[in-house]
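Peer 1: Sending over a structure as structure tokens; questions will come in a sec.
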Amino acid sequence: MEIILKSKQGRVIRARTGFYDVQHGELILRCTLRGTLKRKRRSDTGRRLYADPVAVGDGVIFTQLDAEEGVIEDILPRQTKFSRQYAGKHGDIEQVIVANAHQIVAVVSTLMPPLNFRTLDRFLILAEAGDMAAVICLNKMDLVDVAQQPELTSTFANYERLGYPVLYTSINAPDSLVAFQDALKDKFSVIVGASGVGKSSLLNAIQPNLGLRTGEVGMRTQKGRHTTTLVELFTLGMGGEVADTPGIREVGLWGVDTENLEHYFPEMEPHLGTCKYNDCAHVTEPDCAIQEAVEAGEIHPERYRSYVVLRTGDTAEI
Ligand SMILES: Nc1nc2c(ncn2[C@@H]2O[C@H](COP(=O)(O)OP(=O)(O)OP(=O)(O)O)[C@@H](O)[C@H]2O)c(=O)[nH]1
Ligand SMILES: [Mg+2]
Ligand SMILES: [Zn+2]
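Printed below as a string of structure tokens:
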């Protein structure tokens, strides 16, 4: 019997360097890449451009080889991408973590691991750079005394004013998960955040049949243990898709023009062009509208701190 190899369109739901699980309806095939695609990850001079030319969420054209295997022939154009800078052997390269998502959900936890606004702001900048909306999820609300909650929520209310919706959640409080669930419905979301903040736990809580592995946070280190090791795409029963990701240790900015970093901070926009110097970096320059807005309480000091750290590369402050 003659076997007719027909190309079909599918979606990458898991990626391990060199192997990709591609879904087409009920069918899931373990695919490799056609050689022509492997070459695409290098520039004309042979320099490596991407950590991997294919990412979870990519639409691809594939050929089925047998019941389990296939070959990716081509990658469809991406609508959005969530990328970070990756320190490769031969310099910094782009790592596309998820392609084509509508939004990122940046998860932070109140405690265990402690709240880190620098990391949160990096994620929000990457969302802006990748043309995605961003939602913030402050998880582990159950670990904070009721008395301390107003102070926390006032810092987060600032993000809401900037246009980033904020969800306050605890996997131990089912009511708090309704808004989380609503935020994911009918969208393609990528869940990001440090290891141990509860990304996989939140997804299990809204769809128990996912059965994602979750891990303890070390008491002494207050750090997660990188329980999720692969980016993985799931379809939600209520409608929508979600990519769970491993906690990223280094959220290196990619695709971000750090010379013009102020454009990634919506609160700075109204003040731009009013500093004394045209090329003001808004760090130590005199007569700077941004520094004045911080002093006047119009720009939140935590956000300005993030700006300064990222603008000056002063990582000691992270
Ligand atoms: N108290 C409390 N613990 C939580 C909450 N959400 C998650 N946890 C706990 O936090 C720990 C880490 O949860 P995970 O879901 O594995 O965290 P993750 O963000 O997926 O971590 P990685 O996969 O390593 O990136 C587990 O012990 C969870 O039970 C919460 O709302 N409250
Ligand atoms: Mg996880
Ligand atoms: Zn300035």
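My numbering numbers the first residue of the sequence shown as 4 and each following residue consecutively. Ideal placement from N, C-alpha and C gives every residue a C-beta, glycine not left out. It should be emphasised that the depicted structure is a prediction, and the values quoted were computed from it without experimental measurement.
Using the three-state DSSP reduction, which class does I293 fall into: helix, strand or coil?
Peer 2: What you label residue 293 is simply residue 290 of the sequence shown in a count that begins at 1. Here I293 sits in helix by DSSP.
Peer 1: Among the residues of its own chain, which have a CB less than 6 Å from the CB of D61, if the five just before and after it don't count?
Peer 2: Start at 1 with the first residue of the sequence shown, and residue 61 comes out as number 58. Only V15, I78 and A102 meet the Cβ criterion.
Peer 1: May I ask whether a heavy atom of ligand 1 can be found less than 7 Å away from the beta carbon of S204?
Peer 2: Within the sequence shown, the letter at position 201 stands for residue 204. Checking the Cβ of S204 against ligand 1 gives yes.
Peer 1: Taking the C-alpha atoms as reference points, what is the distance between L313 and Y267?
Peer 2: The residue given as residue 313 occupies position 310 in the sequence shown. The residue given as residue 267 occupies position 264 in the sequence shown. In a straight line, the C-alpha of L313 is about 11 Å away from that of Y267.
Peer 1: Output the distance between the C-alpha atoms of Q26 and A246, rounded to the nearest integer angstrom.
Peer 2: In the sequence shown, counting from the first residue as 1, residue 26 sits at position 23. In the sequence shown, counting from the first residue as 1, residue 246 sits at position 243. One C-alpha to the other measures close to 14 Å.
Peer 1: Exposed or buried, M135, counting other C-beta atoms within 10 Å across all chains shown (16 or more means buried)?
Peer 2: Counting from 1 along the sequence shown, the entry for residue 135 is found at position 132. Buried: at least 16 other Cβ atoms inside 10 Å.
Peer 1: So, using beta-carbon positions, are W257 and S86 closer together than 8 Å?
Peer 2: On the sequence shown, residue 257 is found 254 positions in, with the first residue counted as 1. On the sequence shown, residue 86 is found 83 positions in, with the first residue counted as 1. Cβ distance < 8 Å, so W257 and S86 count as in contact.
Peer 1: Please confirm whether any heavy atom of ligand 5 lies closer than 7 Å to the CB of T172.
Peer 2: In the structure shown, ligand 5 is absent; the only ligands present are ligand 1, ligand 2 and ligand 3.
Peer 1: Around the C-beta of D69, are 16 or more other C-beta atoms found within 10 angstroms, so that it is buried, or is it exposed?
Peer 2: Counting from 1 along the sequence shown, the entry for residue 69 is found at position 66. It counts as exposed.
Peer 1: Using 8 Å as the cut-off, can you tell me whether the segment 273–280 makes contact with the segment 291–306, which would need three or more C-beta pairs spanning the two stretches below that distance?
Peer 2: Touching, per the Cβ criterion.
Peer 1: Could you tell me which residues DSSP puts in a beta bridge with C283?
Peer 2: For the purposes of this step, residue 283 is taken as the residue at position 280 of the sequence shown. In DSSP, C283 forms no bridge with anything.
Peer 1: Have a look at V254 and K11 and give me their C-alpha separation to the nearest angstrom.
Peer 2: One-based indexing of the sequence shown puts residue 254 at position 251. One-based indexing of the sequence shown puts residue 11 at position 8. So the alpha carbons of these two residues sit roughly 35 Å apart.
Peer 1: Going along the chain, which residues put their C-beta within less than 5 Å of some heavy atom in ligand 3?
Peer 2: Working through the chain, the matches are C278, C283, H285, C291 and I293.
Peer 1: Quick check: what's the CA-CA separation for E320 versus G28?
Peer 2: Numbered from 1 along the sequence shown, position 317 holds the residue referred to as residue 320. Numbered from 1 along the sequence shown, position 25 holds the residue referred to as residue 28. With a pLDDT of only 46 at E320, under the threshold of 50, the placement of this residue in the model should not be trusted, and no figure is reported.
Peer 1: At which residues does the alpha helix (DSSP H) containing S203 begin and terminate?
Peer 2: As a first step, residue 203 is located in the sequence shown; it is residue number 200 there, counting from the start. S203 -> alpha helix (DSSP H) spans K202 to I209.
Peer 1: Is G255 helix, strand or coil when you go by DSSP?
Peer 2: One-based indexing of the sequence shown puts residue 255 at position 252. Three-state result, G255: strand.
Peer 1: Note down, in chain order, each residue of its chain lying with its Cβ closer than 7 Å to the Cβ of Y307, except the 5 sequence neighbours on either side.
Peer 2: In the sequence shown, residue 307 corresponds to position 304, counting from 1. The answer, listed in chain order, is V297.
Peer 1: Hey, would you say K202 sits closer than 8 Å to T231, going by beta carbons?
Peer 2: What you label residue 202 is simply residue 199 of the sequence shown in a count that begins at 1. What you label residue 231 is simply residue 228 of the sequence shown in a count that begins at 1. Yes, the Cβ-Cβ distance between K202 and T231 is below 8 Å.
Peer 1: Any beta carbon of chain B sitting closer than 8 Å to that of R87?
Peer 2: In the structure shown, chain B does not exist; there is a single protein chain.
Peer 1: Is the segment 201–220 touching the segment 234–241, taking contact as three or more C-beta pairs under 8 Å?
Peer 2: As far as the Cβ criterion goes, the segment 201–220 touches the segment 234–241, which means the pair count is three or higher.
Peer 1: Counting only the same chain and skipping the five closest in sequence on each side, list residues whose C-beta sits under 8 Å from that of Y167.
Peer 2: Position 164 of the sequence shown, counting from 1, holds the residue named residue 167. Excluding positions up to five away in sequence, the list reads L127, A137, V138 and I139.
Peer 1: Go to R33, then tell me how far its beta strand (DSSP E) extends in each direction, as first and last residue.
Peer 2: As a position in the sequence shown, residue 33 is number 30, starting the count at 1. Segment L30 to L36, the beta strand (DSSP E) holding R33.
Peer 1: Using the three-state DSSP reduction, which class does S198 fall into: helix, strand or coil?
Peer 2: For the purposes of this step, residue 198 is identified with residue 195 of the sequence shown, where counting begins at 1. Three-state DSSP puts S198 in coil, outside helix and strand.
Peer 1: What is the DSSP secondary structure of R87, reduced to helix, strand or coil?
Peer 2: For this step, residue 87 is matched to residue 84 along the sequence shown. If DSSP states are grouped into helix, strand and coil, R87 belongs with the strands.
Peer 1: Under 7 Å Cβ to Cβ from E270, same chain only, skipping five residues before and after it: list those, please.
Peer 2: Residue mapping note: residue 270 aligns to position 267 of the sequence shown, counting from 1. Contacts found: L165, I302 and R306.
Peer 1: Taking the alpha-carbon positions, what's the V99 to L52 distance?
Peer 2: Within the sequence shown, residue 99 is the residue found at index 96, counting from 1. Within the sequence shown, residue 52 is the residue found at index 49, counting from 1. So the alpha carbons of these two residues sit roughly 11 Å apart.
Peer 1: Taking just the CA atoms, how far does L129 sit from Q88?
Peer 2: Indexing the sequence shown from 1 puts residue 88 at position 85. Indexing the sequence shown from 1 puts residue 129 at position 126. If I take the Cα positions, the gap works out to 10 Å.
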